[in-house]
């Protein structure tokens, strides 16, 4: 259940009722991120509903980057063995 | 629709066309994006991936990552509280090969129940979540 209380020009105030389990999950999630519950709701809404031009553009750029690089030596296992390349042992 | 945590190994395999795991990782990540799934990762992975790209392919490759990959990914910035959890995972594992970067994956995925992990790094198996491909 939800109700719109008022709109002050920039933001619309929305009151919603949550199941206790959802409330606890949201509170915990917001706490983990160090943000308020309102900010957490806004973040989740943006993440879930971001089917706008910006998201589509980002998705296009992401797709264009697949396979854009090429190893110039014969190593083909750098992804799986990346720890050895970053932290040592792959000289 | 589950979110996908992406590890350094998967970002690298996605970008490098002749990496042994490019095919399956590229297919999986392309499908996830086209289905509208959220990709997320940790700031530790961001640092590690940029370092690996710089080291293997130069700064231009790292710049390409920032331009083309970074904007679509939800980044979980590791703070002091999260780092405590991350370090506990490393310490409890007692495994030399499990880094704080790997452990940040475990923490991130636990925060988002039901998420899957995209990685070809075997260090992330055995924590109770699905590791694909």
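Protein chains in written order, with our numbering: chain A, 126 to 216; chain B, 863 to 995.
The beta carbon of each residue, even a glycine, is placed where N, CA and C say it ideally should be.
- A residue is called buried once 16 or more other Cβ atoms fall within 10 Å of its Cβ, and residue 148 (chain A), having fewer, is exposed.
- Residues 924 and 927 of the same chain have their beta carbon placed closer than 7 Å to that of residue 912 (chain B), with the five preceding and five following residues left out of the count.
- Nearest to residue 929 (chain B) by alpha-carbon distance, out of B:984, B:898, B:959 and B:877, is B:877.
- The Cβ neighbour count for residue 139 (chain A), taken over all protein chains shown within 10 Å, is under 16; the residue is labelled exposed.
- Judged by DSSP secondary structure, residue 154 (chain A) falls within the alpha helix (DSSP H) whose first and last residues are 145-158.
- Around the beta-carbon of residue 212 (chain A), fewer than 16 other beta-carbon atoms lie within 10 Å, marking it exposed.
- Of the residues B:933, B:957, B:939 and B:919, the one whose Cα lies closest to the Cα of residue 198 (chain A) is B:919.
- Around the CB of residue 137 (chain A), fewer than 16 other CB atoms lie within 10 Å, so the residue is classed as exposed.
- For a Cβ distance threshold of 7 Å, nothing in chain B lies close to residue 148 (chain A): the least Cβ distance comes to about 16 Å.
- Between residue 904 (chain B) and residue 966 (chain B), the C-beta spacing is below 8 Å.
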